[in-house]
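Q:
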Amino acid sequence: MITLKKRFEDLDSFVINKKVILRVDLNLPSFEGEIVDFTRLEKISPTIKYLLKRKAKIILISHMGRPNQENKESLSLKVLCSKISAYINSEIVFIEDNIMNIKRDKIEKAFNNCNVILLENLRFFKEEESNDDGFSKKLSSFADIYVNESFSTCHRKHASIIGISKFLPSFPGMLLEKEVSNLKKLITTANYSTSVAVFGGSKVSTKIKVIEYYLKKFGKVIIGGAMANTFLSSKKISVGASVYEKSMQKVAKSLLDYYSNKIALPEDVVTIDKSKKIQLRTISDVQKDEKILDIGPQTRMKYFGFVSECSCLLWNGPLGFYEQKPFDEGTNYVIKAVKNNNNKNFFSVAGGGDTISMLNHAKASDYFSFISTGGGAFLEFIQGSGLPGLDSLND
Ligand code: 3PG
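Residue 590 is where the sequence shown starts when you use this note's numbering, and the numbers rise one by one after that.
1) Starting from Pro761, follow its DSSP beta bridges and name the residues at the other end.
2) Within the continuous beta strand (DSSP E) that includes Lys698, where are the two ends?
3) So if DSSP puts Phe936 in a beta bridge, which residue, or which two residues, is it bridged to?
4) Just the C-alpha distance for Tyr802 and Lys796, rounded to the nearest angstrom, thanks.
5) Check the DSSP bridge columns for Ser637 and list the partner residues they point to.
6) For Ala953, which of helix, strand or coil comes out of DSSP?
7) Can you tell me whether Gly964 sits near ligand 1, meaning its C-beta is under 6 Å from at least one heavy atom of the ligand?
8) Cβ of Ser741 versus every heavy atom of ligand 1: is any distance shorter than 6 Å?
9) Shortest alpha-carbon distance to Ala853 belongs to which of Ala817, Met763 and Val859?
10) Taking only runs of the beta strand (DSSP E) that begin and end inside the stretch 838–899, which ones reach a length of at least 3 residues, in chain order?
11) Return the CA-CA distance between Glu662 and Glu898, expressed in angstroms with no decimal places.
12) Please tell me whether Leu942 and Gly752 are closer than 7 Å, where the distance is taken between their beta carbons.
13) Could you have a look at Ala732 and say whether DSSP puts it in helix, strand or coil?
14) Measuring alpha carbon to alpha carbon, tell me which of Val875, Asn704 and Lys877 ends up nearest Ile647.
15) Based on the DSSP output, what are the partners of Leu908 in its beta bridges?
16) Can you tell me whether Ser602 is helix, strand or coil according to DSSP?
17) For Ala675, name the three-state secondary structure that DSSP assigns.
18) Can you list, in chain order, the residues of its chain whose CB lies under 6 Å from that of Gln1067, leaving out five sequence neighbours each side?
19) Strictly by DSSP, which residues pair up with Val705?
20) Going by the C-beta, is Arg745 closer than 6 Å to any heavy atom of ligand 1?
21) Please name the residue in Gly975, Pro635 and Asn780 whose C-alpha comes closest to that of Lys933.
22) Helix, strand or coil: which one does DSSP assign to Lys809?
23) Does DSSP classify Ser961 as helix, strand or coil?
24) Please name the residue or residues paired with Val769 in a DSSP beta bridge.
25) Glu623: which of Asp721, Leu669, Leu764 and Ala841 sits nearest, CA to CA?
26) Measuring alpha carbon to alpha carbon, tell me which residue in Lys746, Lys835, Ile677 and Asp601 is nearest Ile734.
27) State the Cα-Cα distance for the pair Ile650 and Asn737, rounded to the nearest angstrom.
28) Would you grab the beta carbon distance between Ile993 and Phe788 for me? Rounded to a whole angstrom, and I think it's under 8 Å.
29) Are there any heavy atoms of ligand 1 lying less than 6 Å away from the beta-carbon of Arg655, as far as the coordinates show?
30) So is the beta-carbon of Asp943 under 6 Å away from any non-hydrogen atom of ligand 1?
31) On the three-state DSSP scale, how would you describe Leu804?
32) Measuring straight from C-alpha to C-alpha, what distance separates Phe760 and Val896?
33) Is Asp614 a contact residue of ligand 1, with contact defined as CB to any heavy atom under 6 Å?
34) Within 10 Å of its beta-carbon, does Ala966 have 16 or more other beta-carbons around it, so buried, or fewer, so exposed?
35) Give me whichever residues DSSP pairs with Lys608 in a beta bridge.
36) Taking C-beta to C-beta, are Phe683 and Leu707 nearer than 7 Å?
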């Protein structure tokens, strides 16, 4: 289990008038070309504001999307300048040049007109993902201090995550520290048998390891979303025309055999057919042309009971097709159980993938003790192993 050796506050005394290269995650969720969620930006803003208050100059670096090491205009960070500027209440200069060609002078000059610079999408450069030392060295030459405020990319062995720390004094950001300390509580909870994990979303294949980990550890694992279809179909229950993963049926079946008392699966579901007719079905009654898009009322009540009574909760992913009404009702219902949980010392964490969007949709963000900004990094970290980006801060 990782323990960060350095603290954000350690840089406090010598950050004044220094240049800080701040790795953040501006990979904000978008829909049809429009950014739809600014949570990650909102959560890093206090760190930027704090550094500005301490008279530091800041060079923001981030990736956006997976441009395949090409310069794709649609993934340029330029579009984010005005939004970041509004969040941090400070002017920003965007330098769109090829990072390898930027001279330190250019950075110095830009800082005559502002205190924050944003560089172009790091993943436009192949050197970022190949963790090229020259690239890390170049980035570090712009600054005096490196701060990693990007927990959500700490599972990537990229230059901006594990490379720069070889060349500069390096520190965790405030948000990164919070992520580590809260997610550690999940792994070290004292009451395993009364702890519950909720896993939703579409793919068992991307979450199988973490599901297994919590099946071993926690008292109950609730499965929802299209993932549940894979488990149900592995028991030869017909899921009609629903999405499921054939290749994961065998694994799902072996987990069901081994952990039959721990896994909770839908007992009734809401389906839609080709003519868009919505039906409530018991799980043994789903018709060939129907798709399961939500959990039914019996299942909602059952899941609500587990969540409202547990001592520690991990929630990852939606229980139905929450983006489209009325298929958000199952998720919205069960999530209310988090608010209703009256256990003394109840601790709840949500994170990974679509979880933040789902919580915003359900207006349930306030219900949880902590919400992680991590996707893949969150799922890896909560399995108890370290992350390369965190290890490199300790080296
Ligand atoms: C995320 O959205 O989880 C992070 O930005 C990491 O993105 P990646 O999976 O493309 O590395």
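All C-beta atoms, glycine included, are put in the ideal place defined by N, C-alpha and C.
A: To lay it out plainly:
1) BP columns for Pro761 point to Asn737.
2) Counting along the chain, Lys698 falls outside any beta strand (DSSP E), though it belongs to the alpha helix (DSSP H) covering Arg693 to Ala699.
3) For Phe936, which the question treats as bridged, DSSP gives the partners Cys901.
4) Whole-angstrom Cα-Cα distance: 10 Å.
5) Looking at the sequence shown, residue 637 is not Ser but Ile. In the DSSP assignment, Ile637 is bridged to no other residue.
6) Coil at Ala953, not helix or strand.
7) Result yes, Cβ under 6 Å from ligand 1.
8) Yes, ligand 1 has a heavy atom inside 6 Å of this Cβ.
9) Nearest C-alpha to Ala853 among Ala817, Met763 and Val859: Ala817.
10) Segments of the beta strand (DSSP E) lying fully in the stretch 838–899: 857–861, 867–871 and 880–884.
11) Roughly 49 Å separates the two Cα atoms.
12) Correcting the residue type first, residue 942 is Gly in the shown sequence and not Leu. Contact: no.
13) Looking at Ala732 - three-state DSSP - the assignment turns out to be coil, as it is neither helix nor strand.
14) Looking at the Cα atoms, Asn704 is the closest of the given residues.
15) Beta-bridge pairing links Leu908 to no other residue.
16) Of the three classes helix, strand and coil, the one that applies to Ser602 here is helix, per DSSP.
17) Ala675: helix per DSSP, three-state reduction.
18) Any question about residue 1067 goes unanswered here, given that the chain covers just 590 to 984.
19) According to DSSP, Val705 bridges with Ile647 and Ile681.
20) A distance criterion of 6 Å places the beta-carbon of Arg745 in contact range of ligand 1, judged by its closest non-hydrogen atom.
21) Out of Gly975, Pro635 and Asn780, Asn780 has the C-alpha closest to the C-alpha of Lys933.
22) Strand, per DSSP.
23) DSSP, reduced to helix, strand and coil, places Ser961 outside both helices and strands of the structure shown, so it counts as coil.
24) None; Val769 has no bridge partner.
25) The shortest C-alpha separation from Glu623 is found at Leu669.
26) Residue Asp601 holds the alpha-carbon nearest to the alpha-carbon of Ile734 among Lys746, Lys835, Ile677 and Asp601.
27) Going by the C-alpha atoms only, they are around 10 Å apart.
28) What the structure shows of the chain is the stretch from 590 to 984, and residue 993 is not part of that stretch, so it cannot be assessed.
29) Because some heavy atom of ligand 1 lies under 6 Å away, the Cβ of Arg655 counts as near it: yes.
30) Result no, Cβ not under 6 Å from ligand 1.
31) Reduced to three states, the DSSP call for Leu804 is helix.
32) Each residue's alpha carbon lies about 37 Å from the other.
33) Under cutoff, so the answer is yes.
34) Buried, since its Cβ has 16 or more Cβ neighbours within 10 Å.
35) Secondary-structure assignment with DSSP links Lys608 through a beta bridge to Lys646.
36) Cβ distance < 7 Å, so Phe683 and Leu707 count as in contact.
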